[in-house]
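Novice:
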Amino acid sequence: MEGRLTPGQVSDWATPWHTEEAGDIQDDLVWDAIEGLVVADMLVAPGQHLYGPLDFQAWPADFDARRKAGD
């Protein structure tokens, strides 16, 4: 998240958690985070990612804020 992983590496890490075989993730907030990470490498045009460094930096803060709000 601090420039250590590529969007593809993030997506590759999250993908196994996003399958039926991965088990039941009961926490909706965690599930939402996994869903976001799975598409971390999504392209909107050749060589242009949907999400950029600012998105990656904002995600942990958004997750923490939602957790604290009881979301």
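Sequential numbering of the sequence shown, starting at -17, is according to this note's numbering. Glycine residues also receive a C-beta, built at the ideal position from the N, C-alpha and C atoms.
(1) So, under 8 Å CB-CB, Ser(-7) and Asp23 are touching, yes? Tell me the CB distance rounded to an integer number of Å.
(2) To the nearest angstrom, how far is it from the Cα of Val20 to the Cα of Gly52?
(3) Around the C-beta of Ala43, are 16 or more other C-beta atoms found within 10 angstroms, so that it is buried, or is it exposed?
(4) I believe Tyr33 touches Pro(-2) by the beta-carbon criterion, under 8 Å. Please report the beta-carbon distance rounded to the nearest angstrom.
Specialist: Quick look at the numbers:
(1) 4 Å
(2) 23 Å
(3) exposed
(4) Rounded, the Cβ-Cβ distance is 20 Å, inconsistent with contact.
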